[in-house]
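Q: In my numbering, the protein residues as written are 308 to 698. Think of the CB as a built atom: it goes at the ideal place given N, C-alpha and C, for glycine as much as any other residue.
#1: Grab me the residues of residue 562's own chain with a C-beta within less than 8 Å of its C-beta, minus the 5 sequence neighbours each way, in chain order.
#2: What residue range is occupied by the uninterrupted alpha helix (DSSP H) comprising residue 575?
#3: Return the bridge partner residues of residue 350 from the DSSP annotation.
#4: Relative to the C-alpha of residue 352, which residue among 431, 424, 666, 363 is closest?
#5: Taking buried to mean at least 16 other C-beta atoms within 10 Å of its own C-beta, is residue 602 buried or exposed?
#6: Which first and last residues belong to the beta strand (DSSP E) in which residue 551 is found?
#7: Taking the straight line between their C-alpha atoms, what separation do you get for residue 337 and residue 317?
#8: Between which two residues does the beta strand (DSSP E) holding residue 677 run?
#9: For residue 404, report the span of its alpha helix (DSSP H) as first-last.
#10: Who does residue 571 pair with in a DSSP beta bridge?
#11: How far does the alpha helix (DSSP H) with residue 590 in it reach, from first residue to last?
#12: Grouping DSSP H, G and I as helix and E and B as strand, with all else coil, what is residue 632?
#13: Could you tell me if residue 575 is buried or exposed, where buried requires 16 or more neighbouring beta carbons within 10 angstroms of its beta carbon?
#14: Can you list, in chain order, the residues of its chain whose CB lies under 7 Å from that of residue 654, leaving out five sequence neighbours each side?
#15: Tell me whether residue 471 is buried or exposed, calling it buried when 16 or more other Cβ atoms sit within 10 Å of its Cβ.
#16: Distance check for residue 689 and residue 558, CA to CA, integer angstroms please.
#17: Identify whether residue 396 lies in helix, strand or coil by the three-state DSSP scheme.
#18: Would you mind reading off the limits of the beta strand (DSSP E) that contains residue 510?
#19: Nearest CA to the CA of residue 459: which residue from 449, 468, 611, 466?
#20: For residue 597, list the residues DSSP reports as bridge partners.
#21: Cα separation between residue 384 and residue 589?
#22: For residue 434, which of helix, strand or coil comes out of DSSP?
#23: Leaving out five residues on either side along the sequence, give the residues of the same chain with a beta carbon under 8 Å from the beta carbon of residue 371.
#24: Could you tell me how far apart the beta carbons of residue 680 and residue 492 are, in whole angstroms, since I believe they sit closer than 8 Å?
#25: Measuring straight from C-alpha to C-alpha, what distance separates residue 525 and residue 447?
#26: Mind checking which residues open and close the beta strand (DSSP E) that includes residue 440?
#27: Using a threshold of 9 Å, state whether the C-beta atoms of residue 466 and residue 428 are closer than that.
#28: Would you mind stating whether residue 631 and residue 615 have Cβ atoms separated by less than 9 Å?
#29: What separation, rounded to the nearest whole angstrom, lies between the Cα atoms of residue 367 and residue 392?
#30: Would a C-beta distance cut-off of 9 Å place residue 620 and residue 498 closer than the cut-off?
#31: Output yes if chain D places a C-beta closer than 9 Å to the C-beta of residue 498; else output no.
#32: To the nearest angstrom, report how far apart residue 456 and residue 502 are at their CA atoms.
#33: For residue 464, which of helix, strand or coil comes out of DSSP?
#34: Compute the Euclidean distance between the alpha carbons of residue 715 and residue 587, then round it to the nearest angstrom.
#35: Pull up the CB-CB distance for residue 313 and residue 382, whole angstroms please, since I reckon it's below 8 Å.
#36: Tell me residue 418's beta-bridge partners as DSSP assigns them.
So this is what it looks like as structure tokens:
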């Protein structure tokens with residue numbers, strides 16, 4: 308596809324989970340990155356009634372629509388984006404008929420987690436790409452629990468679990484030939500910062516996201532399971548750990564344990580509720596403490612967080628939990644992997660020994676491995692070369 312201007316439809320969740328700046332960026336990197344390459348990009352997002360709020364609101368009057376308008380306005384996507392209520396012709400942004408016209412003329416659909424199921428918008432597009440952002444969980448939900456993950460109707464399957472289908476990864480591939488890809492970062496939106504960090508070691512995430520899975524005697528769990536193994540860590544270093552953590556107030560035992568052990572818990576709804584706020588929080592940090600869901604660790608699929616890629620792009624070093632990514636990314640300078648609390652302490656000591664060196668190395672890793680221009684160009688080429696699959 309080099310030099311070819313494509314018409315691409317991207318579908319993913321922005322308004323369905325409003326006021327989550329990190330989740331918004333995870334989708335925007337694809338929309339903005341493909342547009343940077345010169346492609347005609349249309350963003351369409353279905354918002355189901357249960358995700359719409361406040362209860363009883365119309366699509367147009369929902370806070371989902373308000374957040375959608377805010378984001379598309381900020382990034383110049385007003386004339387190329389539509390919010391859709393599935394099963395109806397009700398939209399915000401582009402009208403339904405225009406979305407259908409765009410789909411009929413489109414070359415490729417990039418469907419994040421398969422959320423777009425509207426036949427009129429899906430079926431006319433010749434290349435329909437399923438993009439998996441939850442490697443390990445996606446495949447196990449389908450193969451073990453029999454959950455319909457929306458694979459049907461797609462022609463190509465892409466995952467950020469770059470080891471899925473390899474000998475080193477025990478997660479079932481569901482009979483699909485997965486194309487592995489890195490997470491793209493639009494580097495012009497994420498410049499390296501040279502200002503003095505305000506925060507210490509930080510991260511943004513959810514204590515629990517969804518149900519855990521057991522497979523072949525192994526638990527594929529949540530961040531709660533990972534962090535409990537490291538609970539005493541803050542007491543072993545003078546560094547400050549700040550977690551922008553979505554955790555339910557009813558998780559009192561865990562909240563009390565976190566506080567008692569020196570973890571500083573802040574509300575991501577206050578510090579990371581928009582793309583700008585999320586970026587400010589990341590770039591004000593000294594280092595990312597990249598905690599992974601225990602399921603990503605167990606899967607060994609090479610998952611690497613879009614959040615960590617943003618820290619690296621910002622010139623902020625990352626200490627990330629080992630999910631198998633050291634087999635695919637350089638570690639030791641700017642990016643350090645850990646398995647144990649002692650590994651984290653050693654990484655902190657190493658970064659503090661020469662912070663500027665590691666900060667510069669972090670940005671270089673982003674430029675070499677996560678630059679959206681490189682990542683998305685390579686991905687489009689691999690999609691073009693791969694045979695169609697129709698599960």
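A: According to the data block:
#1: Hits under 8 Å: 554, 556, 572.
#2: Going by DSSP, residue 575 is part of the alpha helix (DSSP H) stretching over 575-578.
#3: Residue 350 pairs with 317, 388.
#4: Out of 431, 424, 666, 363, 424 has the C-alpha closest to the C-alpha of residue 352.
#5: Here residue 602 is buried. Its C-beta has 16 or more other C-beta atoms within 10 Å.
#6: Where residue 551 is concerned, the enclosing beta strand (DSSP E) stretches over 548-553.
#7: Approximately 8 Å, taken between the alpha carbons.
#8: The continuous stretches of beta strand (DSSP E) do not include residue 677, and DSSP gives it neither H nor E.
#9: Element bounds for residue 404: 403-412.
#10: Under the DSSP definition of a beta bridge, residue 571 partners with 549.
#11: 582-590 is the span of the alpha helix (DSSP H), which, as asked, contains residue 590.
#12: DSSP places residue 632 in helix when its eight states are reduced to three.
#13: Looking at its Cβ environment, which holds 16 or more other Cβ atoms inside 10 Å, residue 575 is buried.
#14: Excluding positions up to five away in sequence, the list reads 626, 643, 645.
#15: A buried status is given to residue 471, since no fewer than 16 other beta-carbon atoms sit within 10 Å of its beta-carbon.
#16: When rounded, the distance between both Cα atoms is 44 Å.
#17: Reduced to three states, the DSSP call for residue 396 is coil.
#18: Per DSSP, residue 510 belongs to the beta strand (DSSP E) from 508-513.
#19: With respect to the C-alpha of residue 459, the residue from 449, 468, 611, 466 having the closest C-alpha is 449.
#20: According to DSSP, residue 597 bridges with 627.
#21: Looking at the two C-alpha atoms, the distance is approximately 24 Å.
#22: In the three-state reduction of the DSSP assignment, residue 434 falls in the strand class.
#23: Cβ within range, chain order: 322, 323, 325, 354, 358, 359, 360, 390.
#24: Your pair residue 680 and residue 492 does not check out as a contact, with CB atoms roughly 10 Å apart and the cut at 8 Å.
#25: Here the C-alpha atom of residue 525 lies approximately 12 Å from the C-alpha atom of residue 447.
#26: Looking at the DSSP string, residue 440 is not in any beta strand (DSSP E), and its letter there is neither H nor E.
#27: No. Outside cutoff.
#28: With respect to the 9 Å criterion, residue 631 and residue 615 are not classified as neighbours on the basis of their beta carbons.
#29: Cα to Cα, the separation comes out at about 10 Å.
#30: Closer than 9 Å, so yes.
#31: The structure shown contains no chain D; it is built from a single protein chain.
#32: Looking at the backbone, the Cα of residue 456 and that of residue 502 are separated by about 43 Å.
#33: Per DSSP, reduced to three states, the secondary structure at residue 464 is strand.
#34: What the structure shows of the chain is the stretch from 308 to 698, and residue 715 is not part of that stretch, so it cannot be assessed.
#35: Not really, about 20 Å apart at Cβ, beyond 8 Å.
#36: 318, 437.
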